[in-house]
Amino acid sequence: MANQISWVSGEGDQHKKVMFHVGDTIRVHYKLIEKEKVAGKTKREVHEETHERTQAFEGIVLAVKGSGDNTMFTVRHIGASAIGVERIFPLVSPWIKKIEVKKHGDVRRAKLYFLRYRTGKSANRIDEVSVRPAATA
């Protein structure tokens, strides 16, 4: 497939390679830094505290744009109250900790923007890839 993406985690000596396509359901774990202003004993003593945490975003890969280090991929999932949420991730980013492929989808399009206008189960129903055994002759 032309829209195959390979992501390599660069943590230490253990390099993991993950392959995914448009239409796959993936879970992206990315790092968030939260800043919070904390007051001290007096009003003038105000300092910021930062907290790091990892958040997961699971959804269907809608599109892949760019090439090389500039590759971006769009992930969409249906959130609370049936509201669609899309997030665009750069492929090469220190903020992405892990990518897991949950389900491989079988699609015939390079961009799945038509899923934006669907509601209910049809918005996230994509046929799964069925692996056929090789025919022996």
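Quick note: to get this note's numbering, add 131 to the position in the sequence shown (first position is 1).
Ideal Cβ placement from N, Cα and C applies to all residues, glycine included.
**Asked** Pick from Tyr161, Phe245, Phe151, Lys252: whose alpha carbon is nearest that of Ala187?
**Response** Tyr161
**Message:** Considering only heavy atoms of the ligand FAD, does any lie closer than 6 angstroms to the CB of Leu193?
**Reply:** The model depicted lacks the ligand FAD and carries no ligand whatsoever.
**Identified DSSP bridge partners for Ser137** = Met150, per the DSSP bridge assignment.
**Message:** I need the DSSP call for Gly210, collapsed to helix, strand or coil.
**Reply:** coil
**Alpha-carbon to alpha-carbon, Arg218 and Arg153** = Note that residue 153 is Val in the sequence shown, not Arg. C-alpha of Val153 to C-alpha of Arg218: approximately 14 angstroms in a straight line.
**Message:** With DSSP as the reference, identify every bridge partner of Ile230, one or two as the case may be.
**Reply:** Val159
**Message:** Could you compute how far the alpha carbon of Val206 sits from the alpha carbon of Thr173?
**Reply:** 45 angstroms
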